[in-house]
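Trainee: Below you'll find the structure I mean.
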Amino acid sequence: MNWFLSALLSLLFVVIYRLVQKKLISKDKVNPVLFGLAESTWVVVFTIPLVFYFGFEFTGDARILLITIFKSFLSGISAVLLYISLSKIAASEFQILTSSRFITAFFIGITLLSEKITYLKILSVILLFISVILITDRKDGKFKLGKYHFIALASSILFAVVAAFDKTLLNYFNTVTFTFLTFAVSQIFKLFLTPKNTKIIPKYFSNINNILTPMITSVPLFGIYALQYFSYQSGGDISAVNIITSTSTVFIVLFGVLFLNEKKNLWKKILASILVTVSIILFKNSN
Numbered sequence: 024m025n026w027f028l029s030a031l032l033s034l035l036f037v038v039i040y041r042l043v044q045k046k047l048i049s050k051d052k053v054n055p056v057l058f059g060l061a062e063s064t065w066v067v068v069f070t071i072p073l074v075f076y077f078g079f080e081f082t083g084d085a086r087i088l089l090i091t092i093f094k095s096f097l098s099g100i101s102a103v104l105l106y107i108s109l110s111k112i113a114a115s116e117f118q119i120l121t122s123s124r125f126i127t128a129f130f131i132g133i134t135l136l137s138e139k140i141t142y143l144k145i146l147s148v149i150l151l152f153i154s155v156i157l158i159t160d161r162k163d164g165k166f167k168l169g170k171y172h173f174i175a176l177a178s179s180i181l182f183a184v185v186a187a188f189d190k191t192l193l194n195y196f197n198t199v200t201f202t203f204l205t206f207a208v209s210q211i212f213k214l215f216l217t218p219k220n221t222k223i224i225p226k227y228f229s230n231i232n233n234i235l236t237p238m239i240t241s242v243p244l245f246g247i248y249a250l251q252y253f254s255y256q257s258g259g260d261i262s263a264v265n266i267i268t269s270t271s272t273v274f275i276v277l278f279g280v281l282f283l284n285e286k287k288n289l290w291k292k293i294l295a296s297i298l299v300t301v302s303i304i305l306f307k308n309s310n
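So in the working numbering, spot 13 of the sequence shown is number 36, and the numbers just go up one at a time.
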């Protein structure tokens, strides 16, 4: 399996993950941050037997290990900010803000990682950004940024920075080991980053449903990261992989039409899906 196919499979898992997560996290009495904490914990649990099967592989030194821990710290911050913003702002606004990560990843890739820049890549980014704008429902054409909008933006930028670390660090780990460490270490930081939520953990998780329900979304979440890491290891550029997986925003809306009866602005959604398809084809042939 090459990097492009694994990136597309990661995209599929993103769509499944977001649709199911949206359904589960919107239920009453669900704490979004603690839901995410339980979700990531399940990923760690699922990864442990895979680490034993494939082996714990690390070929770096202490410096690489420290960078990995720092990267996991940033990953934890990004995840906490994501769940906080997701629980406070409209889904359409959240989607357009988090889509900025592929633009951040694009510029990190070409400026810091010396990835090749072509006119096709630039056109692909423009088309994808237009598609996200099309499927975003904004009243009177206005889009105002408040506190939680900036939190979502910060989460998105941090995610792209983390992806830049991933591309380099994966030279020293196998996919399973890196996935395990990323989630396990970031879990520790999440506990310290949200002290208010940490205090209510015993009471919240005394309800067995709050433990078991996040397990449902943890499966596609593991698939997302494992496949993205494999894409990097298989030669995929950080910008290319993030462009492909970022198209999930449009596909989530399109699947919402089919399964959630969200038919508002249908023509915009159809046009957006066409632009996304063209964007992926352009990026695939841009190197």
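Glycine included, C-beta positions come from ideal geometry on N, C-alpha and C.
Every value quoted in this text rests on a predicted model; they were computed, and no experiment measured them.
Determine the extent of the alpha helix (DSSP H) in which residue 224 is found, giving its start and end residues.
Mentor: Start and end: 224 to 227.
Trainee: How should residue 260 be labelled, buried or exposed, when 16 other C-beta atoms within 10 angstroms of its C-beta is the threshold for buried?
Mentor: It is buried - the Cβ of residue 260 has at least 16 other Cβ atoms within 10 Å.
Trainee: How is the alpha helix (DSSP H) around residue 233 delimited, first residue to last?
Mentor: First-last of the alpha helix (DSSP H) with residue 233: 231 to 256.
Trainee: Rounded to whole angstroms, what is the Cα-Cα separation between residue 47 and residue 189?
Mentor: Taking the straight line joining both Cα atoms gives about 29 Å.
Trainee: Can you check whether the CB of residue 209 is closer than 8 Å to the CB of residue 108?
Mentor: No, the pair does not count as a contact, with Cβ atoms beyond the cut-off.
Trainee: Please look up how many angstroms separate the CB atoms of residue 37 and residue 236, rounded, as I've assumed it's under 8 Å.
Mentor: Contact flag wrong, Cβ pair sits at about 19 Å.
Trainee: Leaving out five residues before and five after residue 39 in sequence, what residues of the same chain have Cβ atoms less than 7 Å from its Cβ?
Mentor: Answer for residue 39: 243, listed in chain order.
Trainee: Look at the Cβ atom of residue 182, then the Cβ atom of residue 241, and state whether they are nearer than 8 Å.
Mentor: Result no, Cβ atoms of residue 182 and residue 241 do not sit closer than 8 Å.
Trainee: Let me check understanding here. Comparing Cα to Cα, which of 218, 61 and 293 lies closest to residue 232?
Mentor: With distances taken between Cα atoms, residue 232 lies closest to 61.
Trainee: Using DSSP with H/G/I as helix, E/B as strand and the rest coil, what is residue 79?
Mentor: In this structure, residue 79 counts as coil in the three-state DSSP scheme.
Trainee: Can we say the region 26 to 33 touches the region 249 to 260, given the rule of at least three CB pairs closer than 8 Å?
Mentor: The region 26 to 33, when compared against the region 249 to 260, does touch it at the 8 Å Cβ threshold.
Trainee: Take every Cβ of the region 133 to 153, pair it with every Cβ of the region 64 to 76, and state whether three or more of those distances are shorter than 8 Å.
Mentor: No, the region 133 to 153 is not in contact with the region 64 to 76.
Trainee: Taking the DSSP output, what are the residues bridged to residue 196?
Mentor: Answer is 81, bridged to residue 196.
Trainee: Note the first and the last residue of the continuous alpha helix (DSSP H) segment covering residue 46.
Mentor: Residue 46 -> alpha helix (DSSP H) spans 26 to 48.
Trainee: Is the beta carbon of residue 212 less than 8 Å from the beta carbon of residue 67?
Mentor: Their beta carbons are not under 8 Å apart, which means residue 212 does not touch residue 67 by this criterion.
Trainee: How many angstroms separate the CA atom of residue 290 from the CA atom of residue 31?
Mentor: In a straight line, the C-alpha of residue 290 is about 24 Å away from that of residue 31.
Trainee: Within this structure, are the beta carbons of residue 214 and residue 201 separated by less than 8 Å?
Mentor: Taking 8 Å as the Cβ cut-off, residue 214 and residue 201 do not qualify as a contacting pair.
Trainee: Quick one: what's got a C-beta closer than 6 Å to residue 246's C-beta in the same chain, skipping five residues either side?
Mentor: So the qualifying residues of the chain are 36.
Trainee: Since I believe residue 205 is in contact with residue 253 (beta carbons under 8 Å), could you give me their beta-carbon distance rounded to a whole number of angstroms?
Mentor: Residue 253 to residue 205, Cβ: 14 Å. No contact.
Trainee: Quick check: residue 34 and residue 146, are their CB atoms within less than 8 Å of each other?
Mentor: The answer is no: Cβ separation not under 8 Å.
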